[in-house]
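If you read the first sequence in the working numbering, its first letter stands for residue 297, the second for the next number, and so on. C-beta: ideal position from N, C-alpha, C; glycine also. Each remark here refers to the structure printed beneath this line.
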Amino acid sequence: MAITGIKGMNDILPAEIAVWQYLEASARRVFGCYGFNEIRVPVVEKTELFKRSIGETTDIVEKEMYTFADRNDHSLTLRPEGTAPVMRSLIQHKLFNRDPLTKLYYMGPMFRYERPQKGRYRQFHQIGAEVVGADDPRIDAQVLVMLCQYFAEVGITDVSLQLNSLGCKECRPAYREALISYLASRTDALCEDCQRRFQTNPLRVIDCKAVGCNSATADAPAMIDHLCGHCDNHFHAVRRTLDDLEVDYEINPRMVRGLDYYTKTTFEMVTNNLGAQNAVAAGGRYDGLIQELGGPALPGIGFAMGVERLALLKGEDSQLVEKPALFIAALGEGAQRVAFILMTRLQRRGVRVEMDYAGRSLKAQIKRADKLGAAHTLIIGETELAAGAGVLRDMTSGDQEPLALSAAEDLLVQRLVCSRIALDGALTTRL
RNA sequence: GUGAGUGUAGCUCAGUUGGCAGAGCCCCGGAUUGUGGUUCCGGUUGUCGUGGGUUCGAGCCCCAUCACUCACCCCA
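Shown next as structure tokens:
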């Protein structure tokens, strides 16, 4: 019996890696423009970190974490999300002392023990960004603009940005009480889950998708109508800035977050094209988190995107697959020897080159060149070898021209590097 | 944790009332000397998820088990 992988933890095979690399490279490029720098933190942290940040009573902490004891009986957890580890690192290394405004991004695997389904896996990947040190509403807007630009640049268009405010520790408790008393008057209409949780986590009830709950809470009080003066001003300033920047968004007063640390501005990028899952990216402000984790009272805001979900939306794009610039088709032992040396020299100089090693017919070799998507094929047979000139075939047009073997290396480097720049140009304009 | 569905070639899937294990794609070779994409011809590929049971005979019927998928839930 062969050993298989673990449920919900997937291999990303060469055929699908092009999209992943594209999504990651695009994030680096776009986030870089906004002044973000990458940070890499471990995949494992002390369990306490997630309990303190995400919240003891959240589903993630209660039943979804991969928690285990190491050989010294310390409780460790595979990170279920990225913000808490990044904040831990920021506090530990006092990054806020080097720069009052810290902008970080990260990408990597996260782990949650859930039943896998479409767009939801036990090991999944996030690309996230965090800004620490500013509570200016323009920062909220900037983060949202950056998020929207990312989606535009990677060509994922069928999404919408949902915006809400969850208030702060000044105004949320009062709202919570108002919501509980509203819900208490109509518990009969709520689904089983909501009847249980309306006391512990009433905000979750207005986010419930059960039809009963949905209609029962239709005119429930909304957080955005109960914001304190400060939060209300902040929310309006964020909206005004987004309007100035012509960013499309919808206010969704029922949107709630699954992690306890969120305050004020919260948002989700949602889609209808992911089956039961509709969030591709989500985030918000977390003004109390850093202090809660033992750091200074610094405000923060950030988001995370699900890479598997982005990849599902993006789909397979053959244009993203790396193709050889050249295939060398050699016939006969002497030609194969020359071809292998030439191929290696070109590879050393940065050209993607392929050849055949099985001594196949010219027809079979050209067929393979076509299949690999090579832009050109250099044919070297006995006659070419004797004449000292190969035949360079343009695989798109079918045009062929002689190419002196003595000068082939330099000519091909020059030519194929040029075509590579043209290809990059095409990719850039396509965005 | 709950529910439903599906397991047959590398991939997508047929398989009749229980009677020799199939197709398409992929891969390999060929269609007058050494030229790809279209077409035509030929070929390779199997623990029918696994273990039991019924039967002269099981891919098909029965029991168990495992895996996967989707949904609930939750969320990126």
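Starting from Lys-505, follow the alpha helix (DSSP H) in both directions and report where the run begins and ends. The count along the first sequence starts at 1 and reaches residue 505 at position 209. Careful: Lys-505 lies outside any alpha helix (DSSP H) and carries neither H nor E.
Give every residue of the same chain whose Cβ lies closer than 6 Å to the Cβ of Gly-304, excluding the five residues on either side of it in the sequence, and list them in chain order. As a working mapping, residue 304 is identified with position 8 in the first sequence. Result list for Gly-304: Pro-412, Tyr-417, Arg-418, in chain order.
So, Leu-701 versus Gly-684, is the Cβ gap smaller than 9 Å? Counting from one through the first sequence, the residue named residue 701 turns up at place 405. Counting from one through the first sequence, the residue named residue 684 turns up at place 388. In this structure, Gly-684 lies closer than 9 Å to Leu-701 by Cβ.
Name the two residues that bound the continuous alpha helix (DSSP H) containing Arg-472. Start at 1 with the first residue of the first sequence, and residue 472 comes out as number 176. 468 to 480 is the extent of the alpha helix (DSSP H) around Arg-472.
Whole-angstrom Cβ separation of Asp-583 and Asp-431, contact assumed at under 8 Å? The count along the first sequence starts at 1 and reaches residue 583 at position 287. The count along the first sequence starts at 1 and reaches residue 431 at position 135. Confirmed, Cβ separation roughly 6 Å.
Considering only C-alpha positions, which residue in the set Leu-486, Gly-628, Met-442 is nearest to Gln-661? Reading the first sequence from its first residue, position 365 is the one you call residue 661. Taking only the C-alpha atoms, the option nearest Gln-661 is Gly-628.
Would you call the stretch 619 to 626 and the stretch 665 to 677 touching, i.e. three or more CB-CB distances under 8 Å? yes
Considering Arg-492, what are the terminal residues of the alpha helix (DSSP H) in which it resides? Here the question's residue 492 lines up with position 196 in the first sequence. Note, Arg-492: alpha helix (DSSP H), 488 to 493.
Starting from Asp-369, trace the alpha helix (DSSP H) both ways and give me its first and last residue. Along the first sequence, one-based indexing puts residue 369 at 73. Following the DSSP letters along the chain, one finds Asp-369 in no alpha helix (DSSP H), marked with neither H nor E.
So what does DSSP say about Thr-537, is it helix, strand or coil? Taking the first residue of the first sequence as 1, we reach residue 537 at position 241. Thr-537: helix per DSSP, three-state reduction.
Near Leu-443, which residues of its chain fall below 7 Å by C-beta distance, leaving aside the five closest residues on each side in sequence? Counting from 1 along the first sequence, the entry for residue 443 is found at position 147. Correct list, in chain order: Met-565, Ala-577, Phe-599.
Grouping DSSP H, G and I as helix and E and B as strand, with all else coil, what is Ala-269? The chain is shown from 297 up to 727; residue 269 falls before or after that span and cannot be answered.
Name the one or two DSSP bridge partners that Arg-416 has. For this step, residue 416 is matched to residue 120 along the first sequence. According to DSSP, Arg-416 bridges with Gln-413.
Run through DSSP, which three-state label would Asn-754 get? The requested residue 754 does not occur in the structure, where the chain is confined to residues 297 to 727.
Beta-carbon proximity list for Leu-374, same chain, < 7 Å, skipping 5 on both sides: One-based indexing of the first sequence puts residue 374 at position 78. Excluding sequence neighbours, Leu-374 sits near Val-339, Val-340, Tyr-362, Phe-407.
Mind checking who Val-687 pairs with in its DSSP beta bridge? To locate residue 687, count along the first sequence from 1; it is residue 391. Its beta-bridge partners are Ile-675, Pro-698.
Out of Leu-585, Leu-681, Gly-694, Val-709, state which residue places its alpha-carbon closest to the alpha-carbon of Val-428. By 1-based counting over the first sequence, the position of residue 428 is 132. If we check each option's Cα against that of Val-428, Leu-585 comes out closest.
I want to know whether the stretch 527 to 545 touches the stretch 434 to 443 - three or more CB-CB distances under 8 Å. yes
Spatial distance of Thr-300 from Asp-307 (CA atoms): Locating residue 300 in the first sequence gives position 4, counting from the first residue. Locating residue 307 in the first sequence gives position 11, counting from the first residue. Going from the Cα of Thr-300 to the Cα of Asp-307 covers about 11 Å.
Looking at the structure shown, is Phe-563 part of a helix, part of a strand, or coil, going by DSSP? On the first sequence, position 267 is the one that residue 563 refers to. Looking at Phe-563 - three-state DSSP - the assignment turns out to be strand.
For Ser-461, the three-state DSSP class (helix, strand or coil): Here the question's residue 461 lines up with position 165 in the first sequence. In the three-state scheme derived from DSSP, where H, G and I count as helix and E and B as strand, Ser-461 is classed as strand.
For Met-519, which three-state DSSP category applies? Translated into the one-based positions of the first sequence, residue 519 becomes position 223. Helix at Met-519.
Can you tell me whether Ser-657 is buried or exposed, with buried defined as 16 or more other CB within 10 angstroms of its CB? The residue labelled residue 657 in the question sits at position 361 within the first sequence. Exposed: under 16 other Cβ atoms inside 10 Å.
Ala-660, enclosing alpha helix (DSSP H) - first and last residue: By 1-based counting over the first sequence, the position of residue 660 is 364. Note, Ala-660: alpha helix (DSSP H), 658 to 668.
If we count the other Cβ atoms within 10 Å of its Cβ and call it buried at 16 or more, is Met-402 buried or exposed? The residue you call residue 402 lines up with position 106 of the first sequence. Before going on, a small fix: residue 402 reads as Tyr here, not Met. So Tyr-402 counts as buried.
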